[in-house]
Each structure stands twice: as C-alpha cells, then as structure tokens.
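Protein sequence lines correspond, in order, to chains D, X and F. Residues in the first sequence are numbered consecutively from 1, following my numbering. Residues in the second sequence are numbered consecutively from 1001, following my numbering. Residues in the third sequence are numbered consecutively from 2001, following my numbering. We put the CB at the ideal spot given by N, CA and C, even for glycine. Okay, structure first, notes after.
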Amino acid sequence: MALFGSLFCRIVLGLVIAFLFMPILIVLTVSFSSSAVFAFPPPGFSLRWYASLGNADSMLQAVWLSSQIAALSTAISLVLGTLCAIAITRGMIPGAKAVATFMASPLMLPGLVLGIAFLQAARDFGLRDTYTTLLIAHVVITMPFIMRTVLASLSLFDFAMVDAARMLGRSYPAALWTVLVPNILPGFVSGGLFAFIASFDNYPVSIFLVDVRTKTLPIQLLNQVEMSPDPTVAAISALLILGTIVALIVCDRLVGLKRMASI
Amino acid sequence: MTLARDNLTMPAAPVSRWQFDAKALIAAPGLVFMALAFAVPVLMLVGDSFVDSEGLSLAGYRKVLGDPYYIGIIGNSLQLACITTAVCLAIGYPAAWALARIRGVWQVILFALIFLPLTVSIVVKTFGLTIMMRRDGIINFLLVNLGFIERPMRLVFTEFSLYFGMVNVFLPFMILPLYSVMRMLDPRLLDASASLGAGPLHTFLRVTLPLTMPGVIAGGTLVFSISVAAYVTPGLLVGDRFMTMSQVMAKAYLNIRDFQLGASMAVIMLVISAALILASSYLVRAPGGEKR
Amino acid sequence: MSQHATAMPPATEMHQEPSYLAVSNVTKRFGAATVLDSLSLSVGRAEFVSLLGPSGCGKTTLLRLIAGLLAPDQGAIEVGGRDLTRVAAHKRNIGVVFQNYALFPHLTVAENIAYGLRAKGVPKAEQAKKVGDALGLVRMEAFADRAVTALSGGQQQRIAVARAVVVEPSLLLLDEPFSALDRKLRETMQIELRHILRNLGITSIFVTHDQDEALVMSDRIAVMNEGRIEHLGTPSEVYARPKSLYTMEFVGQSSRMGGVVKGSSEGLVEIDTPFGLVRAPGHFMSGSRVIVGVRPEAIAAGEGPAGEYNTVRGTVAEVIYFGSRTLLHFQTAQDGDRLHVELNRLPDQVAPGSAMTLRWRIDDSRVFPAPTETGR
C-alpha cells in the first residue's frame, strides 16, 4: 500500500515535469519550424526565424533596454540593499526586523498595484523620462531579492572578522570590502541572479511605465503576441530560455543551485 | 565554536540598548530610496482612491462595490485564484512528496527540472500555451490521436485553457515550499506511525498532513496571491470573456483613463493580498504551525 | 595554589613604574545602562594583565574601548605615552586575538597572517619572511598553504596569535581565547601562549571569566564587577588577600560565616559567629555585621595554638571525595551556615554526623562588611 502510494507520487511528479515543460518545448519546436503558422506537428525544420531576428529592430532594442535596466537596477539594489542589510544585522538601527520586512515587502504586493503606484507617482512628481522611471521602479522590484539573500548570508557571517580586519590596519569600509564581500559572495551571486531575472521578466510594473519608443522585452513580446504572433517571437523566446539556462549553470558552478533556491 | 556570548563577536550595541552610531548612516541611502520610491507611491495610490476631480470622495469605491459588474469581476479573480490554488495543491502535493523522498543525483536533477520553468518568462510560457491550445495545436493533436475526440475542438478562450494555463505557470510556486518542508520531515515518523498499526490513510491524515501544513500554507498563500493578481495569462488565454481585477486595473489606466476606478480596484487588491499574508502568518504561527 | 603570598613583591612596586597602557576615568554607557563607571587601569610595559569577571561585568567593553572598536563617553586611553582616545581602530596598531579567532575563511593560513602586513603596505618579500617567522613562532610552518577551515581549534588559535603579533603591535588584547578549546588542550595552550608572549615581551591584556586561567597566565589580575575594578593585584594577592568579599568569592573557593563584631584591638577583630568566637586581621566598629571568609584549603583538622589559630567545633554534614583531596561540609549544632573545608588527607573515622574540631591561622581569615539587605 505504501509502495503504491510512493509509486503514485512518482508518476505524478513525472507527469508534472512533462506538463511544466510542454509550453517551453512547444516554443522551442515552433522556433525551428519552417512554417509561419503554428501547426503541430511542424511541417519542416528551418532556422529562418532566427535569421529574421537580425531585422527585428524593435525586438533587439527591447532586449538591449531590458538588459540595461536589469543590470543597473540589480547593481543599485546590491549596493543599497547590502549596506542596509549590514545595518539591520548589526543592530545599528532600531526596529531592525520591521525595517527588513519593509525593504522586502515590494515582493508581497501585487505587481500591477505597484505599477499603478509608480505611474501615478511619476505623473504627480512630473517625472517624464521613461528610462529613469523604469530604472527607479526596477530597483524597488529587485530590492527584496537582494535583501532576502544578503540578510541570510549575513546572518551566517561572523562580524568579528570585520573587527579583526580593522585591528590589522584596514579602515571600516576597506574591512567590509576585503573581508565581508568575499565571504558573502555566494549571496550576492544568487541574489543578484534572481534580481536580474525578476527585473528582466517583469511585465506588471513595466506595462504602466513604458512608452512607444521605450519598451522592455516582456512588454514588446506581449504586444507582439497580442498583435501579430509569428515564430520570430518563438525564436527570441528560445534564445531567452537558453540564456537563462546558461546563467543558471554558471551560478550553479559558482555557488550551487540548491543554495540559491533555498531563499 | 559557540560558547559564552560575552565576547567581541557580540554586536557592539544590541538592539535593546540601541544608541546612535555614525555607522548606521550606511542604511540611509537604501531606506530613503525605498521610502521615496516605494512607500510614498503606494500611500499616494491609496490616497488617490479617495479623491476625484471634486476632492474627497468615495465615488471610486461606490462604483466598484455598488456595481454588480465589478463585484462579478472581483468574484472572477477570487474564483480564478481559488481554483488555481486548489488544483496546484492537489497535483503539487504528491509531486513534492515524491521529490522530497527521492535521494541522490536524481533529486538534484528533478529539483532543477521543477525550478527551471520558474526562470522562463511568463509571457513566453503563455505564448507557448496559446500555441498548444490552437485547433491545430498539440492538445487537440493528442486528444484526436488518442481517440478521446473525433475532431479538433476549440480550446482557446475557454475556461479550460485558462485553468490549464494558470496551473502550468504557477504550479512550481506550490511545489517548492511544499518540498522544502517535506524534505525536513523525518521519514522515521511515518515508520513509527505504521509500526503502531496506523493505516496509510490514517498516517497521512494524522501525521503527514499536519507536519507538512506549514508548506501547504506557504505554497497556498503564494499561489493564491500571485494568481489573484495574474494579468498576462488570463489576458492571453481568455481575454475579455473572463474579466479579472487586473484586467480592469490595466484598462482603467491604459485605455479608459478612469484613474479613480483603477486606484480603487488596486486598493481592494492590496487589501486582499495584505489579508492573505496576515492570515497565513497567523496560521503558520498557530499551534501545529512552524517557524517562518 | 595553596602557597601563600610570602615571596611576592608588594603590588605597590608595580604601580611606581611609568605605565605603558593608561586607561583614565573611562565611562561607557549603553542607553541607560552604565557599563563602565569611571574606570582607571595602568599596565606596565611587557606586563600580562587579566581582566577577570563574570559576563556583563564590563571586561569586554573595556577591551573594545582599548581596541578602539568602541568610543568612551568620558575618559582617556593612552598607550606608550600617545593619546589614542580619538584615534580610529585601524590606526592604533593594537593586536587582538578574538574569542572564536575570526580567521578569514576565504584566505589560506599564510594569507591570513599576511593580511595585516598587506594592509600596512609591507613589501612582498618582507611579508613572506615575516609570515615565515610568525609561523615558526607558533610552530605551524607546515600549514602555510592550508585552508584555515581545515585546522583544529588549537591550530586556529596559534594562527590567530601569529596574525595578531606579526604586525608588531604595541599592545596585544586577548578575548577569551581559550573558551573554544577543550579542557586538556586549554591547559597546554595556556602555558605555550604565556611562553610566546613573554619571549616577545609584548604587553598583553587578557579577558577571561575563568579564574584558573587568570591565575595561571597573569602577572596581575584585575577582578571586575559591575563596571568597576574590585581588586587589582598579583595572582597570589588576589587569591590570598582579596580586598572584597566579591573577589574572595569569585576567585577560588571560599568558606564564609556571618557574624557580629565584638571588639577589636591591635589590628585584630573579634567576631561572634555561629561557630563561636573567631579572630581576624582588620578594623571594624563593634556591633557591625560582617562576613568572615577562609579558603577551604587553609583549614586543617584538630586544634591549634590559641594565639595564632582560630579553632571551631561542629559536625560533619557531608563528605565529598575527590581523590587527591576531600571536601567536607561542616556545620554547627544549630544547623546554620556551612563551612566548606578542603583536606588533603581525611582523618580516620570521619563520616557525616561525627563531631570534629577544625583550625585555621588568624592571618588566613578575611573580614568584609556584610552586604546590606538591598544589595548595593
């Protein structure tokens, strides 16, 4: 009976994995299809949709914009978030727990609500520049990922090491840089990776902030899927999936996937 | 290496006897930024929902809560979230159990296979789903070839495709919290229960389920709160036939420019997710619950 | 430890020497709590001084103040005539051995030791030589390229010492460096560390809550209590002639009996205790309530000459056998205070309930005012 139960669970797990991968594999298949219609099974193999990416200017611009926003917002969050996390962990500020919850709370709010809030605030403050608005919003989006991983890493870090470095002749900032940073690097890498992905894939916030000429990739993809879906979308999606897998493998080499997933 | 704590590794000033330290200023840039860029906009949004062109007013709420159309939309969102959460739990629980019980290399591989779809953009996955749902897509292809139906049927823009898609996109959010709780569960407890003569069902209901409840609560809260606010997946899979709060909010701002309607809807959604988070943290702390 | 303070130089001689480390009237508060209360301490060059006290007595705070990791609210700290009160920690050139050593896990043993030299901009070649010398000093030459995480507790401690002394600090601070070691290793390392530091001639301040450690290691001990130094003196002074009841009870074992002063003459007080009249050196007003303390090992069985000894009678309440010595709990007929007595050899036929006579030298008795009901 127990054996049956465990077999049942394993079968469910296998089906779940097949189910989860279905849409992803479909996108990959379609991207190599020779036909412009999404028939299954595909009539033939071709790389034409990848070739046509070279001409998809708006798509490439969106990739470039999303990469910039994701990289910049992750970097800013890493600096601001880490400094804040140090103060929280060291009890330098009162109400440390509440502060930590506050810094991580954008993740708990519905994305669209955040997006609307940013849109309204940008209007009220007269912030017209789409790029700046997007960047500010994405720092808010990425901050929780950094806070969670960096706080977790710091809780395992022995701050006596910073004192030791100071007593050996390094100033406080230099001590943080030479001792704290290398020791919580895994937290930076995994937090940074998740923050980057969260920003790169974000649509519910960005959708309210983009304009016709400044579109992030998810919004560009969404528009294209709504308006004129063709296998070019599948080709760029396939490349995105490939990029994600490469990034995950690199980070797994650096810090271990399990540890990253345990945030 | 953990001994008496009256030592140099202790925080210089524990929270209980806090005093100002110039080093605390390192927290200032992050805090000020988040206050201005996050707290202020959200509070302003809440404020906006109480204001119309003539000043203070509850017109937005009156419009949303007094109109059966909008009540129905809130109902749609809650229904969508409830069903998605229930289906994810029903499928995710045994899957997470199997994942937690497998050891060695396979566990790492299977874990990665559950985790990887999470990192793929929702837009991309939903795009894949719309292709699958086509009359000439793989679902119909399978159904026809397996002999379930004679001719391809229309799937896109049906509720079936909506729930199929929602579960597909959000299932990993259920499995991962369940898995992390189940992994900690000592299998000897189950042997102990069996050795005491308890049948499998009894063991499940009296031992396994209560012990994994924190995972159920965490996964359920997570899936519910993201599916109640889902936008892309319902939008692409059923569109206007099944309007949700997210759709209304987006339309209010992007198309019809009724900001008070959008703000009121947003605040209602904010209240729903805040209530959910509070409820789940209460449940997790309650007896039988576990650390957070 | 049973030898008495006969051959020790008087503590006052040490104080005459121009002090190398001078802590003057330092006060430190955390919020409403005053952790150090106008504390002063002076330490001579190459001296090894222990700060001994229970947790919360302020010893670690004092260490952090000297290190510069905390700033005092009032008072000044000087080392070698240089006022360091407002100097940043990293410019003080003070070495610290931390409780859990705080070795850098991302660096090798050699890199850990070289860390301070690099920070000071010592040329590469010289760094290598100094690291080699430091490793030799702590007999860890073979471990230069190991990961610090692969070392045992004792080895980590040696590396922590090497890392602290390689930069030739003007002062070495040690914060409970033995607390992470097991008992056996602790005793070996105490002797070894004392050797190393004596040979280097480095002035050291050592924080501990372990009285044995302080007695073994120190030139002088500062017994701390509630932010103040209760007694500063050589180990034998602190042990044999404690200045306060607190010091007597914190350092070593003690037997105490409460009593009332009957009178005093010629530097001796006579006290009425449940064990009978007891004499001790000191001056007290007649009628004041006092506590008489004696070290358990100063007490012997049998009567002694009346002019030199106190003699008391009572019953044995309990016998606790330790092998090399035996501990007796001794009480009067009225069942009041118990006297703890440590005997190297147990007289024949002593068992719980048997009557017994005990003696100790009048000189070995200490009298302190009894703590008031409300405490301090």
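Item to complete: Compare the beta carbon distance of alanine 1250 of chain X and isoleucine 207 of chain D with 8 Å and say whether it is the shorter of the two.
Response: yes
Fill in: Simplified DSSP state of alanine 2214 of chain F, which is helix, strand or coil
helix
Fill in: Where proline 1985 of chain F falls, given that 16 or more other Cβ within 10 Å makes a residue buried
The question about residue 1985 of chain F has no answer, for chain F in this structure spans 2001 to 2376.
Item to complete: Decide yes or no for the touch test of the region 2087-2104 of chain F against the region 141-156 of chain D: beta carbon pairs closer than 8 Å, at least 3 of them.
Response: no
Fill in: C-alpha gap between valine 1087 of chain X and glutamine 2156 of chain F, whole angstroms
54 Å
Worksheet item: Which residues, in chain order, does the region 161-194 of chain D contribute to contact with chain F at a C-beta distance below 9 Å?
Response: Met161, Val162, Asp163, Ala164, Ala165, Arg166, Met167, Leu168, Gly169, Arg170, Ser171, Tyr172, Ala174, Ala175, Thr178, Val179, Pro182, Asn183 and Leu185
Item to complete: Can you tell me which of D/Gln120, D/Thr29 and D/Arg10 puts its alpha carbon nearest to the alpha carbon of isoleucine 241 of chain D?
Response: D/Thr29
Worksheet item: Is the CB of aspartate 252 of chain D under 8 Å away from at least one CB in chain F?
Response: no
Discussion item. Quick check on the burial criterion: 16 or more other C-beta atoms within 10 angstroms. Buried or exposed for lysine 2059 of chain F?
Written reply: buried
Worksheet entry | Buried or exposed (CB count within 10 angstroms, at least 16 for buried), arginine 2163 of chain F | buried
Worksheet entry | Buried versus exposed call for glycine 191 of chain D [16 or more other C-beta atoms within 10 Å across all chains shown] | buried
Discussion item. Taking 8 Å as the threshold (beta carbon to beta carbon), is phenylalanine 1033 of chain X in contact with chain C?
Written reply: Looking for chain C here will not work: the only protein chains present are D, X and F.
Practice prompt. Measure from the C-beta of phenylalanine 21 of chain D to each C-beta in chain X and report whether the shortest distance is under 8 Å.
Written response: yes
Discussion item. Does chain X have any CB closer than 8 Å to the CB of serine 237 of chain D?
Written reply: yes
Practice prompt. Run down chain D in chain order and give the residues with a C-beta less than 7 Å from the C-beta of alanine 1279 of chain X.
Written response: Residues of chain D passing the Cβ test: none, with the nearest at roughly 13 Å.
Worksheet item: With respect to the beta strand (DSSP E) encompassing arginine 2228 of chain F, which residues constitute its N-terminal and C-terminal limits?
Response: 2228-2233
Worksheet entry | For asparagine 2310 of chain F, the three-state DSSP class (helix, strand or coil) | strand
Discussion item. I'd like to confirm the pairing. Which residues does DSSP put opposite asparagine 2225 of chain F in its beta bridges?
Written reply: F/Arg2228
Worksheet entry | Proximal chain F residues relative to aspartate 201 of chain D, where beta-carbon distance stays under 8 Å | The premise fails here: aspartate 201 of chain D is roughly 32 Å from chain F at the closest Cβ pair, so nothing lies under 8 Å.
Practice prompt. Count the other C-beta atoms from every protein chain shown that fall within 10 angstroms of the C-beta of glutamine 2003 of chain F, then say buried if there are 16 or more, exposed otherwise.
Written response: For glutamine 2003 of chain F, the predicted model reports a pLDDT of 40, less than 50, meaning its position is unreliable; a value from the coordinates is still stated below. With fewer than 16 other Cβ atoms within 10 Å, it is exposed.
Worksheet item: Between which two residues does the alpha helix (DSSP H) carrying lysine 1063 of chain X extend?
Response: 1059-1066
Item to complete: Starting from the C-beta of alanine 36 of chain D, find all residues in its chain whose C-beta is less than 7 Å away, skip the five residues before and the five after it, and write them out in chain order.
Response: Asp230 and Pro231
Practice prompt. Go ahead and pull the three-state DSSP assignment for methionine 2257 of chain F.
Written response: strand
Discussion item. Is there a Cβ of chain D sitting closer than 8 Å to that of leucine 1196 of chain X, yes or no?
Written reply: no
Practice prompt. Apply the 10 Å Cβ neighbour rule to threonine 1244 of chain X and answer buried if 16 or more other Cβ atoms are within range, or exposed otherwise.
Written response: buried
Fill in: Environment of cysteine 251 of chain D [buried if 16+ CB atoms lie within 10 Å]
buried
Discussion item. Rounding to the nearest angstrom, what Cα-Cα distance links serine 2365 of chain F and valine 2294 of chain F in this structure?
Written reply: 5 Å
Item to complete: Using the Cα positions of valine 2260 of chain F and phenylalanine 2104 of chain F, report the straight-line distance between them to the nearest angstrom.
Response: 58 Å
Worksheet item: Can you tell me the Cα-Cα spacing of alanine 2301 of chain F and histidine 2209 of chain F, whole angstroms?
Response: 33 Å
Discussion item. Can you find the residues in the same chain that come closer than 7 Å, C-beta to C-beta, to valine 205 of chain D, ignoring five residues on each side of it along the sequence?
Written reply: Gly111, Leu114, Gly115, Phe118, Ala137 and Ile141
Worksheet item: In the DSSP assignment, what residue or residues form a beta bridge with alanine 2355 of chain F?
Response: F/Thr2315
Discussion item. Quick check on cysteine 84 of chain D: buried or exposed, where buried means 16 or more other Cβ atoms within 10 Å of its Cβ?
Written reply: buried
Worksheet entry | Nearest to alanine 2306 of chain F (by Cα), restricted to the options F/Glu2213, F/Asp2037, F/His2106 and F/Leu2358 | F/Leu2358
Item to complete: May I have a chain-ordered list of the alpha helix (DSSP H) segments no shorter than 4 residues that lie completely inside the region 96-166 of chain D?
Response: 96-104, 111-124 and 130-155
Worksheet item: Hey, does methionine 92 of chain D have any beta-carbon neighbour from chain X nearer than 8 Å?
Response: yes
Fill in: Residue interval of the beta strand (DSSP E) (run including leucine 2339 of chain F)
2338-2343
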